[in-house]
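For reference, the structure is listed below as structure tokens.
In the working numbering, the protein residues as written are 75 to 265.
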């Protein structure tokens, strides 16, 4: 994915998650904190590439990581995400960083990994194991168009999906369960 594609995807995933998880108030909070956390989180995984925008800004961190695992190595793995979560935990406890920012930061980081899974090169999700996970939707010849299309679809779904989406799913599942139990009871009576 491209730099701009990661930003678009993280913001659209934030809106989508906010809609889908509305019942849980997970992404309620200050809009500026949510957007900025999502954008910054979506850029951080590319710190492993010295020529990326974030890599050029943080060259002293970028070069050692690049030498350790190359681009799309450790920073594109679940292990690194867990390390970041654990290392930021003391900061969160002191309330130095907004909780809204932090939640959306992790969503942005995760969106970057998902976005790179959509490329043909994939990511080593379970690094240090070298196996790369890839669902190559994004090809080099149409990457910009597909990135924006995915983002627009997520934003449209965010608008179209009812706010209490999960409540409807739970009610539907409960009614289906009752229906199957009644049907099973009727079949037992008939046999």
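Note that the Cβ used here is the ideal one computed from N, Cα and C, for glycine as well.
In whole angstroms, what is the alpha-carbon distance linking residue i and residue j?
i, j, result
"residue 107", "residue 263", "59 Å"
"residue 114", "residue 182", "7 Å"
"residue 131", "residue 221", "25 Å"
"residue 144", "residue 168", "34 Å"
"residue 233", "residue 91", "12 Å"
"residue 191", "residue 83", "13 Å"
"residue 89", "residue 123", "28 Å"
"residue 173", "residue 206", "32 Å"
"residue 147", "residue 197", "7 Å"
"residue 171", "residue 165", "7 Å"
"residue 78", "residue 229", "16 Å"
"residue 217", "residue 245", "39 Å"
"residue 247", "residue 110", "37 Å"
"residue 259", "residue 253", "10 Å"
"residue 223", "residue 86", "11 Å"
"residue 141", "residue 127", "18 Å"
"residue 155", "residue 250", "38 Å"
"residue 103", "residue 162", "19 Å"
"residue 136", "residue 235", "40 Å"
"residue 105", "residue 255", "45 Å"
Could you check what DSSP says for residue i in three-state terms: helix, strand or coil?
i, result
"residue 171", "coil"
"residue 205", "coil"
"residue 193", "strand"
"residue 199", "coil"
"residue 153", "helix"
"residue 212", "strand"
"residue 123", "coil"
"residue 182", "helix"
"residue 76", "coil"
"residue 250", "helix"
"residue 230", "helix"
"residue 108", "helix"
Thinking just about the alpha-carbon of each residue, which of the options is nearest to the one in residue i?
i, options, result
"residue 212", "112, 189, 136", "189"
"residue 120", "133, 234, 253", "133"
"residue 231", "94, 208, 78, 82", "94"
"residue 75", "161, 109, 209, 249", "209"
"residue 177", "159, 117, 253", "159"
"residue 157", "180, 250, 111", "180"
"residue 81", "102, 117, 103, 139", "117"
"residue 112", "125, 187, 163, 161", "187"
Check whether chain B comes within 8 Å of residue i, counting only Cβ atoms and requiring the distance to be less than that.
i, result
"residue 255", "Structure shown: chain B not included; a single protein chain is present."
*Check whether the region 193-203 touches the region 142-159, counting contact only when three or more Cβ pairs, one atom from each stretch, lie closer than 8 Å.*
Contact check between the region 193-203 and the region 142-159: three or more CB pairs, one atom from each, fall below 8 Å, which counts as touching.
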